[in-house]
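Scroll down for the structure; my scribbles are underneath it.
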Amino acid sequence: MSLLLFLAMATASCFSWSNKPSILLVGDSITQGGFNGGHLGYAALLSAHLNPSRDVYNRGYSGYTTRDIAPMFSDLLATTLTAAHSHHALVVVFLGANDAVFPGKPQHVPLARFEEHLLAFTVHLRGTFPASKLLLVSPAPPVAESEFPRVNLGLSFQGREEDTDGINTGLLKRHRRPNDRNHTVTRLYRDIVLRVAKNAASEHVGAMDTWRMMFGEDTNEVVYNRDVADSFYGDGLHYNEKGDATHYSYLVKSVRRLWPELGF
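Our numbering puts the first residue of the sequence shown at 384, with every later residue one more than the last.
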């Protein structure tokens, strides 16, 4: 075997798997889009940041709530482990955006049940994988369509097609912000996330507050600002490029503050 071929094989072996415990992201469509968006999502940015030392597993499921994740949480942990590592270095749970839809909607999860699910995630992870860290991420404030005048429907052109009046209306799609949730209700779910992390009283459990990520950390009380929040979204709910990039940066910042030993 030539020296050149040997070196090439050795290099490939060194970087074909991670040499440290991995990261698991659990969430809804915002996390799912962290790899699949039209821009680099926060999960992709995190994966690139940690490559090649740690693998990042994305288990984001569109439309999911804590109620949907609860019966599969154990399997999500187990099926993303490898023979080389007996635990994840970090599990990030970013849920609540769908739980917080208005009562009567299929996805709605009552506040008390939402808290029960988060507590169950915490207890299971601490009991089964005590070496793993758990980062609970608060649901970010959605921007509802009702917050804007009716003349602003969040329209955008995607393609061109002339109609009989010469107006480009074909392939015109309405990217409407949601009207089944709002920031006032979502704040209640955000507060539960922060409380569960605080009450865990464990150095292995921490929280990331997306509200402070958006509105700043300089005041005791976070004040919602519609236009600031809307600048992070493409549709009032899912991140645009700025939102994903900011979420990634703030996640790394949060982990470095809570657990510098993870080497983020």
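A virtual CB, placed ideally from N, CA and C, is assigned to each residue, including glycine. In this text the structure is predicted, and so the values were computed from the model without any measurement.
Assignment of alpha helix (DSSP H) within the segment 411-460, counting only whole runs of 4 or more residues, yields 412-419, 425-433 and 449-452 in chain order. According to the DSSP assignment, PHE477 belongs to the beta strand (DSSP E) that extends over 473-477. A direct Cα-to-Cα measurement between VAL439 and SER430 gives close to 5 Å. A straight-line Cα-Cα distance of about 36 Å links ARG639 and ASN562. Look at ALA583 here: in three-state DSSP terms it is coil, with no helix or strand label. A distance below 8 Å separates the beta carbons of TYR607 and PRO524.
In this structure, the straight-line span from the alpha carbon of SER614 to that of LYS625 is close to 8 Å.
Under the three-pair Cβ rule at 8 Å, the segment 413-432 does not count as touching the segment 491-498. Here MET591 is bridged, per DSSP, to VAL520. Counting along the chain, LEU501 sits inside the alpha helix (DSSP H) bounded by residues 494-511.
Listed as beta-bridge partners of TYR622 by DSSP are TYR616. When the five nearest sequence neighbours on each side are left out, the beta carbons in the same chain lying within less than 8 Å of the beta carbon of SER529 are those of ASN562 and ASN565, in order along the chain.
Rounded to the nearest whole angstrom, the CA to CA distance from HIS491 to PHE485 is 6 Å. Judged by beta-carbon spacing, VAL506 lies beyond the 8 Å limit of LEU407, meaning their Cβ atoms are not closer than that value.
The criterion of a C-beta distance shorter than 8 Å is satisfied by TYR425 and LEU634. Taking all protein chains shown into account, LYS516 has 16 or more neighbouring C-beta atoms within 10 Å of its C-beta and is therefore buried. Residue pairing from DSSP places ILE406 in a beta bridge opposite VAL439 and LEU473.
Setting aside the 5 residues that flank it on each side, ASN623 is surrounded in the same chain by PHE615, TYR616 and GLY617, each with a C-beta closer than 7 Å to its C-beta; the list follows chain order. Here the alpha carbon of LEU501 sits roughly 30 Å from the alpha carbon of ASP610. Close CB contacts of GLY619 within its chain, under the 6 Å cut and outside five residues either way in sequence, are with PRO525, VAL526, ARG560 and PRO561 (chain order). A Cβ-Cβ distance of about 21 Å is found for the pair VAL520 and THR602, leaving them out of contact under the 8 Å criterion. In the DSSP assignment, the residues bridged to HIS468 are THR465. With contacts defined as CB atoms closer than 8 Å, PRO522 and GLY479 qualify as a contacting pair.
Of the candidates GLY487, THR462 and VAL476, VAL476 places its Cα closest to the Cα of ILE452.
Each residue's CA atom was taken as its position, placing SER637 and SER405 some 17 Å apart.
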